[in-house]
Structure formats: C-alpha cells, structure tokens
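Report on one structure; see the data block that follows.
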Ligand code: ADP
Ligand code: DP6
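In the working numbering, the protein residues as written are 57 to 385.
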C-alpha cells in the first residue's frame, strides 16, 4: 500500500491564462502570472493498493460519479506511467474552497492530487517537474506549486511548459486579496469549455493575445519595483480583456452577473474616492479585489455597506504546496 498526502493552495491569476495551443498536453497560448493565496486550499490523500480494482474518488466525503472519477483516473494514469505502476487508487480530497465556482478549485485540487499521487509512488519530483505534472490536470494548477507570485512559462512542449516562482523580496506580504463571493454555486460553462469556445470563435481573441506580452512585462516590473498601482492597473486590464473575448464568441457568453457589475462599479467608486484597489475575475461571477494590506480594513468597511460580511473573504499570500506525508505501509 502506497500513500501520499498534499495540501495545495489556490492561486488567482493577475495576468490571465485564457486559451490552449494544445488541448491534450495543456500547453497555453500565453504566459500567465499569479498570486498564491492562503484562504482557499485543497487537501488530498492518495492510496495506491492491490485492495481496490478500480480508482475511487471521494470529494468532501462523497463518492464521485463516473465522470468526475474518470478525470482523476486519467490524471493518475500519468503518475502510474511515470512510476511504472498499475495499481489502482483511492483518492480522498477535501476542498476548503467552493468547487467549480470560479474560485480556483481546479488549481488547488489538481495541484494537491499531483503532489499526493507522486509522493505516494515516491516519484521525488522537483518543483519544476511537479508543476509540469499538475499542468496536465488543470493548467492553472501548475502555478499552485509555488507560494507567492508565479509565472507559467507557456513553452511549446510537455517538457518546456511549467511555472516558476517570481522573486519578489516579499512584496506579496504587503498585499491582500478580498473575495466578494456573489455566488458559490457551480458555474454553467467551465473554464476549459469557455476558453476553448473563445479561442475557436471569438473575433476578439487575437486582440487578447497581442497585448499579453506587454501586460506581463508591466506586471513583472511592478513586482520588482513593489509598485502597487502599476500591478493593480495591469491586473484589472488583463481581466477585462479576457472577459471581453467571451462577448464576441459564438455563441456569446459572460461569467458576469448583475452582482459582479455591482461589485466592480463599487470598486471603481472606492478607488475614485482615494482608496487604491483593483478587481479581477475568473470563470465565474465572483470578484476578487487586490488591495494593499494596510488598506484592507478600510476597504472591508467600504464594502460592508453594499455586501453582507459573510460574502467577503480576506486572503493573503499563501505558501507553496505542502506534501504532508509519504509512506510505504
Ligand atoms: P474552478 O473555478 O473551481 O477552478 P473549474 O470548472 O475550472 O472551476 O474546475 C472545477 C473542476 O476541477 C471540477 O469539476 C473537478 O474536475 C476539478 N476539481 C476541483 N476540486 C478537485 C479536487 N479536490 N480534486 C480533484 N479534482 C478537483
Ligand atoms: C480564468 O486552469 O481551470 O481562471 O487548464 O482547462 O483546467 P484548464 O483550465 P483552468 O483555467 C483557468 C482560467 C482562469 C485564468 C487563470 O487562472 O489564469
């Protein structure tokens, strides 16, 4: 019996990943840059043994259906192939993050699965190799291997597409991200389907791709210079451009709801009134706000006029993936 356990934290992209060059290998169209957060995470335990004749996947203590299990099994096949093993596994995962609600459960979920499964079979992967493996489960997961800021370097092959940590002299510790949870139900269009539809049909997709290199350069410089305003501006611009592509897809779609608009308008108003803060959004209606930690309380107070305190979750920079145990029993 071979077991491994890992805890991985979600990350939110400041410069978004949106579109794949290779669907099977999950090679993206563009580099992306993220901040790993402490508030949302996944803990996963994987046990390979001869006692089970099929893979079983429990998420939040519930045995998952064949569709969800197949996704996990396909991922475990990659780990089994690397280890030369044919054992099946029982996977038990707890999401301390709402699943499939645009709060990045796929990032923490697949990173934790990669960490736990590779530890169970004693693969002894470097961070770069673990990032490559996690990428095969979900693109954004490759960034959750690292704490703080990470950049996913798109590369052009399985070997060359992985994330690296961005040195920041602890700038991330000066930041907070406040989640405005307007809806934590599962979304209709997954990030995977949404980005594919956009790449294939959106008239705006080329425009998106063209400006990513300059946005990345701005974000990297802002991190080096510890320039909050520059980082906030480029974060908000990247999210708006990404979401703009969905409106020109066929059929068109949006992840925004009326509540998302309300949050974004409020953030603009608060900013105009002198408190620097910037929003980003992913494949769901929830809004995430980047703010300096010293202004966190003031922002929370301003938001509390319009949103229930229970809808507001404060996150700070989170740590790298933690592999909690590795044993052969
Ligand atoms: P999100 O916005 O939460 O990342 P996605 O639609 O991108 O939503 O991804 C959700 C999918 O990620 C789930 O349907 C499931 O396939 C996968 N996932 C989420 N949590 C886990 C987990 N703990 N273990 C394995 N897979 C997970
Ligand atoms: C909008 O990583 O969930 O959150 O690679 O198909 O699993 P797959 O997609 P996923 O997409 C994340 C998209 C995003 C932006 C980002 O995190 O960079």
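Beta carbons are placed, not taken as given, at the ideal position from N, Cα and C, and that holds for glycine.
Just so you know, these numbers come straight off a predicted model, no measurement behind them.
Return the Cβ separation of residue i and residue j in integer angstroms, given the expectation that the two are a contact with Cβ distance under 8 Å.
i, j, result
"residue 60", "residue 173", "6 Å"
"residue 68", "residue 88", "That pair is no contact at about 11 Å."
"residue 371", "residue 96", "7 Å"
"residue 99", "residue 63", "5 Å"
"residue 149", "residue 202", "Contact doesn't hold; Cβ gap of about 21 Å is too wide."
"residue 177", "residue 129", "Wrong, their Cβ atoms sit about 15 Å apart, outside the cutoff."
"residue 179", "residue 139", "6 Å"
"residue 210", "residue 264", "With a Cβ gap of about 14 Å, residue 210 and residue 264 do not count as contacting."
May I ask which residues mark the beginning and end of the beta strand (DSSP E) holding residue i?
i, result
"residue 60", "58-71"
"residue 206", "205-209"
"residue 232", "231-236"
"residue 227", "Per DSSP, residue 227 belongs to no beta strand (DSSP E) and is neither H nor E."
"residue 77", "76-78"
Please confirm whether residue i and residue j have their CB atoms less than 9 Å apart.
i, j, result
"residue 195", "residue 311", "no"
"residue 58", "residue 132", "no"
"residue 282", "residue 227", "yes"
"residue 190", "residue 170", "yes"
"residue 326", "residue 217", "no"
"residue 373", "residue 111", "no"
"residue 255", "residue 261", "yes"
"residue 163", "residue 122", "no"
Does residue i come out as helix, strand or coil in the three-state DSSP assignment?
i, result
"residue 311", "coil"
"residue 169", "helix"
"residue 94", "strand"
"residue 84", "strand"
"residue 343", "strand"
"residue 110", "coil"
"residue 217", "coil"
"residue 101", "strand"
Along the chain, where does the alpha helix (DSSP H) containing residue i start, and where does it finish?
i, result
"residue 357", "352-360"
"residue 275", "261-281"
"residue 252", "247-257"
"residue 284", "284-303"
"residue 129", "122-139"
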